[in-house]
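Asks: The structure is given below, and queries will be raised subsequently.
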Amino acid sequence: MNILAVESSCDETAVAIVRDGREVLCDCIASQVALHREYGGVVPEIASRKHIEAIYGLADQALAQTGLKRSDIDAVAVTYAPGLIGAVLVGVNFAKAAALAMSKPLIPVHHIRGHIAANYIAYPELKPPFLCLVVSGGHTMIIEVKDYTDMTILGTTLDDAAGECFDKVGRVLGMPYPGGAALDRAAQQGDASKYSLPRSKPGENPYNMSFSGLKTAALNLIHHAEQVGEELDIPSLCASFCEAVSDTLVPRVIRAIQETGCKKIAVAGGVAANSRIRKDILDAARDLGAEVYLPPLSLCGDNAAMIGAQAYYEYLAGNTADMGLNAYATKSILGEAL
Ligand code: KG4
Ligand code: ZN
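The sequence shown maps to residues 118 to 455 in our numbering.
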């Protein structure tokens, strides 16, 4: 089954064609990151306009690259939530029009389910049940993936997402948007023990976490140094920050492995590219005899291939939509009735 998949929830316009949920025939992306960089973050209005400009050309490009004709496409999938509402709407309207014009089923996909499904592309042998640490710009969750479309949220951030904190701290340090990757690179040369930053303590739900305290502590440290004219060791501050984020995430993942008895842990989302988090998860899992699934960096960030992968399983579960499909800025990953 060839699925034409569309992703436009933030600052990447993407169209992919994925066969049977696992084989990526093409993955076309038009990134707007450079455009938003001068504003230090995504400007929603600009994002929506750029999606409109890019999406038709990307779909043509996807067909041209694969040599497929429209009649070879069996269904159209799209990220329908969550994201910047104007941006998500562009993809949803395009996908509805394409499905209608080609008389093919329309498959709505939750963006975070898509991130999880990036692992199906990278690891053809991976099947649920498994645990997944989702760490993106807008979400931080530990999820039990019981089946392709049946999930339980074990824990979530109570405030900021990990990616948001990376971007905010990166911005204050003068790094280009989005700060996560630059901060990760700088951290490679630093000493993580140099600065002491807080870790979120387990609360009533031991899987829940918080990042706003860490973000504020890092920002206060930077502003204080500026005020008193103290020169910061930026690489070491970045390394200390990456360590604090990882120390908040990894013990909860270990606990989830121990308590559920599930020895397969996947990582998903843009922050899954972080080298410290990748290393710490690998080390912890090795000690527990658990299998770790880390998508390649190209599949950690937003892309349409992951949407096409999840769409296949949504289709098999009967989760298709009609022309009444709407876009949503926020929506739970648990997929209430559409
Ligand atoms: O999943 P994603 O591409 O978009 C959302 O769905 O939010 O995640 C983007 C986030 C940004 O916050 C970005 O700074 C972060 O992923 N990110 C990283 C790294 N690469 C991207 N954070 C830490 N380390 C990285 N290497
Ligand atoms: Zn994303």
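Idealized CB from N, CA, C, for every residue including glycine. Source: prediction; values computed, not measured.
#1: Helix, strand or coil: which one does DSSP assign to Asp267?
#2: Cβ atoms of Pro315 and Ala334: under 7 Å apart, would you say?
#3: Excluding the 5 residues flanking Ala446 on each side, which residues of the same chain have their C-beta closer than 8 Å to its C-beta?
#4: Just to confirm the assignment, what range does the alpha helix (DSSP H) spanning Arg166 have?
#5: Check Leu250 in the structure and name its three-state DSSP category.
#6: May I ask you to report which of helix, strand or coil DSSP gives Asn337?
#7: Going straight from the alpha carbon of Asn443 to that of Pro161, what length do you get?
#8: Could you check where the alpha helix (DSSP H) with Glu360 kicks off and where it finishes?
#9: Examine ligand 2 and report whether any of its heavy atoms sits within less than 6 Å of the Cβ of Ser353.
#10: Cβ of Ala390 within 6 Å of any heavy atom in ligand 1?
#11: My understanding is that Ile260 touches Cys249, with C-beta atoms under 8 Å, so please give their C-beta distance in whole angstroms.
#12: What would DSSP say about Ala454, mapped onto helix, strand or coil?
#13: For Ser415, which three-state DSSP category applies?
Replies: Quick look at the numbers:
#1: strand
#2: If you check the CB distance, Ala334 and Pro315 come in under 7 Å.
#3: Ala198, Pro199, Gly200, Leu201, Ile202, Val205
#4: 161 to 183
#5: If DSSP states are grouped into helix, strand and coil, Leu250 belongs with the strands.
#6: helix
#7: 18 Å
#8: In the DSSP assignment, Glu360 falls within the unbroken alpha helix (DSSP H) covering 351 to 377.
#9: no
#10: yes
#11: Right, their Cβ atoms sit about 5 Å apart.
#12: For Ala454, the predicted model reports a pLDDT of 44, less than 50, meaning its position is unreliable and no value from the coordinates is stated.
#13: helix
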